[in-house]
Amino acid sequence: MSTAHNISVTGQAAENLGPQQKLSIALGMLGLLILVLAFLNVSFQPKIVWLSVSLTLIFTGIVWYTKASYANKFAGIKNNHIFFNSLTNRGIWAYALGILITGFYVVLYFYPSYLGLVNNGENTGIVALFDPFSKLLSGNPASQWFVYGTLYTIAILGFGIKFLWKYRNNNYQRLRTFSVMFFQLGFAFLIPEFMARLNGEKFSLPYYNLVNIWPLNYYNFEQYRVDDFISAGTIGVSLLIFGIASIFIITPILTYKYGKRWYCSWVCGCGGLAETAGDSFRHLSNKSTSAWKLERWMIHLVTVFVVIMTTAVISTYLGYDAEKYWLTKDVFLIGVGLVLTIVVGLTFIFKRHEFKKDAKYAGIGFFLIILALIGLHFSGNTQQFAFVEAETLRSSYGFLIGSIFSGVVGTGFYPIFGNRVWCRFGCPMAAILGFQQRLFSKFRITTNGGQCISCGNCSTYCEMGIDVRAYAQKGENIVRSSCVGCGICASVCPRGVLKLENDSPQGRINSKEILLGNDVDLMNYVNKN
Amino acid sequence: MNQEHIVIIGNGIAGVTLARHIRKNSNKRITLISAESEHFFSRTALMYVYMGHMKWNHLKPYEDHFWKKNRIELKKAYVEEVQTQNNQLLLNSGETFQYDKLVIATGSKPNKFGWPGQDLPQVQGLYSKQDLEKLEKNAPNNQICKRAVIVGGGLIGIELAEMLRTRNIPVTFLVREKSFWSNVLPLEESEMLNKHILEHGIDLRLNTNLKSIEADKHGNVKSIIIEETGEQIDCNVVGLTAGVSPNIDFLKNSSIETNHGVLVNQNLQTNIQHIYAIGDCAEQRNPTGNRPPIEAVWYTGRMMGETLAQSLTGNPSNYKPGNWFNSAKFFDVEYQTYGWVFPKPKKGHSDFYWKATIENKCIHMHFETESRKFTGINTFGIRMRHEKFDAWLNQEKSIDYVIEHLKEANFDPEFFKKYENEIFDVYKKKLLN
Ligand SMILES: Cc1cc2nc3c(=O)[nH]c(=O)nc-3n(C[C@H](O)[C@H](O)[C@H](O)COP(=O)(O)OP(=O)(O)OC[C@H]3O[C@@H](n4cnc5c(N)ncnc54)[C@H](O)[C@@H]3O)c2cc1C
Ligand code: SF4
Ligand code: SF4
Numbered sequence: 001m002s003t004a005h006n007i008s009v010t011g012q013a014a015e016n017l018g019p020q021q022k023l024s025i026a027l028g029m030l031g032l033l034i035l036v037l038a039f040l041n042v043s044f045q046p047k048i049v050w051l052s053v054s055l056t057l058i059f060t061g062i063v064w065y066t067k068a069s070y071a072n073k074f075a076g077i078k079n080n081h082i083f084f085n086s087l088t089n090r091g092i093w094a095y096a097l098g099i100l101i102t103g104f105y106v107v108l109y110f111y112p113s114y115l116g117l118v119n120n121g122e123n124t125g126i127v128a129l130f131d132p133f134s135k136l137l138s139g140n141p142a143s144q145w146f147v148y149g150t151l152y153t154i155a156i157l158g159f160g161i162k163f164l165w166k167y168r169n170n171n172y173q174r175l176r177t178f179s180v181m182f183f184q185l186g187f188a189f190l191i192p193e194f195m196a197r198l199n200g201e202k203f204s205l206p207y208y209n210l211v212n213i214w215p216l217n218y219y220n221f222e223q224y225r226v227d228d229f230i231s232a233g234t235i236g237v238s239l240l241i242f243g244i245a246s247i248f249i250i251t252p253i254l255t256y257k258y259g260k261r262w263y264c265s266w267v268c269g270c271g272g273l274a275e276t277a278g279d280s281f282r283h284l285s286n287k288s289t290s291a292w293k294l295e296r297w298m299i300h301l302v303t304v305f306v307v308i309m310t311t312a313v314i315s316t317y318l319g320y321d322a323e324k325y326w327l328t329k330d331v332f333l334i335g336v337g338l339v340l341t342i343v344v345g346l347t348f349i350f351k352r353h354e355f356k357k358d359a360k361y362a363g364i365g366f367f368l369i370i371l372a373l374i375g376l377h378f379s380g381n382t383q384q385f386a387f388v389e390a391e392t393l394r395s396s397y398g399f400l401i402g403s404i405f406s407g408v409v410g411t412g413f414y415p416i417f418g419n420r421v422w423c424r425f426g427c428p429m430a431a432i433l434g435f436q437q438r439l440f441s442k443f444r445i446t447t448n449g450g451q452c453i454s455c456g457n458c459s460t461y462c463e464m465g466i467d468v469r470a471y472a473q474k475g476e477n478i479v480r481s482s483c484v485g486c487g488i489c490a491s492v493c494p495r496g497v498l499k500l501e502n503d504s505p506q507g508r509i510n511s512k513e514i515l516l517g518n519d520v521d522l523m524n525y526v527n528k529n
Numbered sequence: 001m002n003q004e005h006i007v008i009i010g011n012g013i014a015g016v017t018l019a020r021h022i023r024k025n026s027n028k029r030i031t032l033i034s035a036e037s038e039h040f041f042s043r044t045a046l047m048y049v050y051m052g053h054m055k056w057n058h059l060k061p062y063e064d065h066f067w068k069k070n071r072i073e074l075k076k077a078y079v080e081e082v083q084t085q086n087n088q089l090l091l092n093s094g095e096t097f098q099y100d101k102l103v104i105a106t107g108s109k110p111n112k113f114g115w116p117g118q119d120l121p122q123v124q125g126l127y128s129k130q131d132l133e134k135l136e137k138n139a140p141n142n143q144i145c146k147r148a149v150i151v152g153g154g155l156i157g158i159e160l161a162e163m164l165r166t167r168n169i170p171v172t173f174l175v176r177e178k179s180f181w182s183n184v185l186p187l188e189e190s191e192m193l194n195k196h197i198l199e200h201g202i203d204l205r206l207n208t209n210l211k212s213i214e215a216d217k218h219g220n221v222k223s224i225i226i227e228e229t230g231e232q233i234d235c236n237v238v239g240l241t242a243g244v245s246p247n248i249d250f251l252k253n254s255s256i257e258t259n260h261g262v263l264v265n266q267n268l269q270t271n272i273q274h275i276y277a278i279g280d281c282a283e284q285r286n287p288t289g290n291r292p293p294i295e296a297v298w299y300t301g302r303m304m305g306e307t308l309a310q311s312l313t314g315n316p317s318n319y320k321p322g323n324w325f326n327s328a329k330f331f332d333v334e335y336q337t338y339g340w341v342f343p344k345p346k347k348g349h350s351d352f353y354w355k356a357t358i359e360n361k362c363i364h365m366h367f368e369t370e371s372r373k374f375t376g377i378n379t380f381g382i383r384m385r386h387e388k389f390d391a392w393l394n395q396e397k398s399i400d401y402v403i404e405h406l407k408e409a410n411f412d413p414e415f416f417k418k419y420e421n422e423i424f425d426v427y428k429k430k431l432l433n
């Protein structure tokens with residue numbers, strides 16, 4: 001087919017990539033070129049000017065491209081030619097982009113010195129280019145994480161604007177995109193930098209993105225951070241309490257009312273990038289039942305891993321630094337055990353009848369954790385946790401999950417596996433929210449009676465690989481732990497079959513044999529059996 | 001024990017729904033025969049493959065291992081003949097195939113009205129997988145297909161127009177009626193769609209019939225000629241979308257009674273005891289209510305499948321569908337309907353029409369003038385809840401009640417602009433006049 005090698009992200013045929021689109025791509029590339037040259041140690045002076053020029057070019061490129069692509073078209077669904085384009089259909093350009101991003105992440109996580117990070121001295125390379133900007137915000141020189149954070153934010157803002165334009169017919173999509181743009185720019189990027197400005201000799205807060213909640217933020221309760229929080233007085237302790245309340249109080253309440261989407265599609269930075277920059281790859285997620293099975297294993301194992309790891313790390317420093325904290329190791333371990341028992345106990349009491357597959361995994365995980373806790377409690381060894389060093393657990397989690405999974409694979413493989421690989425297979429936060437969404441929440445996707453024509457748009461564009469159609473064509477509501485509530489399935493459905501809503505938990509799960517529209521008596525007869 | 005063998009010809013929505021439900025309720029042996037595709041796919045989504053929204057595999061509602069797992073045997077073959085006297089089928093391979101019970105679910109085929117040139121290689125309908133492949137060959141881009149002419153202004157015609165436009169192929173759309181789909185829609189909606197079609201760059205010709213299709217010296221389509229004006233329009237592809245009719249030619253020599261479709265009773269049985277027909281190809285001897293004898297839509301195929309499965313597994317049931325409903329999408333405008341709205345209100349009926357000021361949004365309701373009983377709604381650009389309207393129709397609510405409670409039926413995504421108050425105001429004003 002003549003359009004087989006088209007790199008356009010919007011899905012316009014190659015011959016339609018107008019001069020404006022080409023120019024805008026060139027403009028963005030020019031901006032990137034400056035960064036690449038800086039990476040290659042070309043020294044730009046004055047740095048702040050060159051950095052501004054580069055970022056402005058990238059940003060303008062994206063926005064201009066967006067305008068050229070959507071401005072003169074009708075509002076509506078814009079998926080034409082997605083599966084003809086090399087970039088969006090796992091063609092050669094997709095692999096090229098995948099390798100490029102993956103490479104970037106490898107350097108970022110494991111070889112930051114190549115980016116020009118110099119620990120005790122003047123930065124060089126691309127990190128140096130960001131120094132003045134970093135100093136402007138936080139007063140400190142840049143790090144590789146500052147470079148990354150800035151580019152990440154630009155990506156969410158730029159592609160966020162693209163998303164806003166693409167879905168301008170849909171207020172749900174617009175609002176949640178404004179929301180992720182806001183949280184990225186404010187909470188993930190600017191506020192932590194400004195907070196760093198307050199740090200001095202006596203008062204020092206750890207870098208803290210308030211909406212990056214444990215266990216996604218797996219290092220939140222590590223010793224150096226907790227020490228910082230405590231020594232920073234009331235503000236620090238409040239932040240520490242907020243961090244704990246986030247996962248144990250705020251999250252359950254919001255998830256009960258709105259489903260996990262309040263976090264995954266409205267607040268979270270990982271979700272934010274996936275929804276904006278990753279939007280062009282959402283249809284690449286695997287919809288097979290075997291992928292679903294893999295997903296359930298992976299995500300629950302990661303969750304068990306993060307709970308054990310965090311417990312081990314905290315109990316270790318509570319153990320050997322006992323006089324510093326009011327909480328002792330034993331009390332802490334008993335507390336963790338108690339919380340887990342209560343959660344699982346309540347679930348079993350109220351939800352046993354809904355247990356099918358979920359139960360097995362939760363059960364196994366729970367069992368492992370309890371075993372480990374007991375082992376830890378009786379081992380008397382402060383450094384070890386079920387025969388493994390807590391530090392080993394921590395560093396392997398950081399390496400395997402924190403870096404490789406969420407970064408290198410999670411983002412680097414966007415063009416191959418879709419934009420939510422991390423969110424679906426790896427994120428422990430998503431697992432916890434999902435567990436609750438499945439069992440204790442008002443959220444569901446309602447199916448509109450018998451209107452489904454099994455066309456498959458919903459399943460194809462579900463970034464979480466949920467086979468939405470499998471439910472819709474049975475007239476059954478979609479209540480799935482992995483659903484991030486992006487609402488795209490409802491947007492692309494050509495027959496108005498799907499609606500995300502929060503309603504009373506009764507009748508949320510409503511499997512039917514015979515759909516609305518058929519003989520009423522028959523429906524009553526069959527659906528009762 | 002040897003299980004009864006149920007053979008279903010046609011693996012469309014009707015046949016597949018039937019097979020699935022028989023399996024749920026019994027252990028009978030089931031065979032699905034089709035010549036079109038190995039696995040069931042969603043015909044309604046053919047357009048999205050050509051437009052690049054989906055790939056072929058996305059059209060399959062069940063994964064390939066589903067059939068084996070559910071012990072539904074698949075046979076790829078074309079049935080040439082049904083030999084009712086000895087319960088067997090003659091397949092195109094020359095093989096014969098035995099059945100205990102036979103279900104005919106062979107769907108439709110595009111209509112052709114004997115136009116000169118209608119069998120040229122670039123003249124085609126849009127119904128089957130093969131049609132899609134043909135279109136990919138005939139109209140891959142606007143170099144090979146410089147213009148396409150579509151004949152017949154129905155739902156498939158407008159889908160075909162939308163498809164071709166995504167490849168920037170100029171389209172001329174010949175519609176026999178005075179306005180698009182005006183044999184089904186009231187004029188207000190129909191005219192709104194005319195405008196929408198024109199806005200999408202389509203050369204819409206109303207009140208226009210096809211006279212003939214002309215070929216060049218290689219036997220390829222070169223133009224069409226219009227009946228009314230004699231105008232010649234150069235084109236490379238002609239799409240025939242002037243309706244469909246039951247695909248039952250292979251039954252001609254059998255003893256199964258047919259008219260346009262296979263004639264069935266309310267229990268979906270043909271004149272022969274162990275033979276049934278469902279879906280597009282079935283013609284009801286006694287249709288329910290306002291329903292036509294042949295209902296060629298997805299939902300009715302499914303419902304017939306659901307119903308017949310009950311009968312075949314020990315719970316004799318008649319096909320008694322509930323309230324009519326349907327839906328479609330015209331480029332960017334979504335349409336749903338519940339109950340009956342006719343081009344003009346029937347005798348003793350009145351209508352209420354509301355249109356938003358700017359966008360392509362409107363609703364149109366019909367009701368009994370005297371009793372004010374609500375009888376149906378067309379809604380464009382606002383999604384409505386099937387469950388609510390079904391209940392209101394069953395409870396015979398009045399138009400006043402429906403308008404007052406319209407909010408409850410809203411099914412648009414969260415944060416969408418709501419129009420119910422505006423509709424209510426307009427309604428009150430009209431009522432007072
Ligand atoms: C492009 C398009 C869009 C549509 N959109 C909608 C829509 O939005 N909403 C809606 O309600 N309806 C829609 N329809 C109509 C809907 O698809 C049909 O009503 C429905 O598919 C009919 O299902 P069925 O099972 O009766 O037959 P079919 O789906 O036609 O299946 C019959 C099968 O039997 C096979 N067959 C026929 N004869 C033989 C034989 N002799 N031997 C072996 N196999 C045979 C055929 O090849 C075919 O595979 C659309 C149709 C088309 C073509
Ligand atoms: S099911 Fe729908 S809302 Fe949920 S993740 Fe998939 S596309 Fe998004
Ligand atoms: S997109 Fe809508 S009509 Fe199509 S399969 Fe999904 S729910 Fe059904």
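For the record, the sequence lines run as chains R and P. At the far end of the first sequence sits residue 529, using UniProt numbering, and the numbering has no gaps. At the far end of the second sequence sits residue 433, using UniProt numbering, and the numbering has no gaps. From the three backbone atoms N, C-alpha and C, an ideal C-beta is built for every residue, glycine too. The structure presented is a predicted model; accordingly, all values stated were derived computationally and were not measured.
Can you name the start and end residues of the alpha helix (DSSP H) that residue i belongs to?
i                : result
Thr251 (chain R) : Thr251 to Tyr258
Pro110 (chain P) : No alpha helix (DSSP H) holds Pro110 (chain P); the beta strand (DSSP E) holding it covers Ser108 to Pro110.
Ala472 (chain R) : Val468 to Ala472
Asp425 (chain P) : Glu420 to Leu432
Looking at chain R, is there any beta carbon in it that lies within less than 8 Å of the beta carbon of residue i?
i                : result
Asp234 (chain P) : no
Ala45 (chain P)  : yes
Leu204 (chain P) : no
His364 (chain P) : no
Gln269 (chain P) : no
Thr375 (chain P) : no
Output, in chain order, the set of chain P residues within a Cβ distance shorter than 8 Å of residue i.
i                : result
Val520 (chain R) : Gly322 and Asn394
What does DSSP give as the partner residue(s) for residue i in the beta ladder?
i                : result
Gln83 (chain P)  : P:Gln88
Ala328 (chain P) : P:Tyr335
In chain P, which residues lie with their C-beta within 9 Å of the C-beta of residue i?
i               : result
His81 (chain R) : Met51, Gly52, His53, Thr166 and Arg167
Let me see if you follow: with CB-CB separation under 8 Å, is residue i close to chain P or not?
i                : result
Lys499 (chain R) : yes
Pro19 (chain R)  : no
Met1 (chain R)   : For Met1 (chain R), the predicted model reports a pLDDT of 35, less than 50, meaning its position is unreliable; a value from the coordinates is still stated below. Yes, its Cβ sits closer than 8 Å to a Cβ of chain P.
Ile478 (chain R) : no
Val9 (chain R)   : Low confidence applies here, because Val9 (chain R) scores a pLDDT of 40, under 50, leaving its location unreliable and the question unanswered by this model.
List the endpoints of the continuous beta strand (DSSP E) containing residue i.
i                : result
Thr124 (chain R) : Looking at the DSSP string, Thr124 (chain R) is not in any beta strand (DSSP E), and its letter there is neither H nor E.
Using a cut-off of 7 Å between C-beta atoms, extract the partners of residue i located in chain R.
i                : result
Trp298 (chain P) : Ile453
So which residues on chain R does residue i lean against when the C-beta distance must stay under 8 Å?
i                : result
Lys329 (chain P) : Pro494 and Arg495
Ser42 (chain P)  : Ile453, Ser454, Cys455 and Gly456
Should residue i be counted as a contact of ligand 4 given a C-beta to heavy atom distance under 7 Å?
i                : result
Met429 (chain R) : Although ligand 4 was asked about, the structure shown includes only ligand 1, ligand 2 and ligand 3 as ligands.
Please report whether the beta-carbon of residue i lies at a distance below 8 Å from any beta-carbon of chain A.
i                : result
Asp131 (chain P) : The structure shown has no chain A; the protein chains it does contain are R and P.
Chain P partners of residue i, CB-CB under 7 Å?
i               : result
Leu87 (chain R) : Under the 7 Å cutoff, chain P gives no residues; its nearest Cβ is about 13 Å from Leu87 (chain R).
Against residue i, what residues of chain R qualify as contacts under a CB-to-CB distance less than 9 Å, listed in chain order?
i                : result
Gln336 (chain P) : Asn448, Gln451, Arg495 and Gly496
Quick one: which unbroken alpha helix (DSSP H) runs of 4-plus residues sit fully inside the region 165-252 of chain R? Chain order, please. 171-183, 191-198, 223-231 and 233-245
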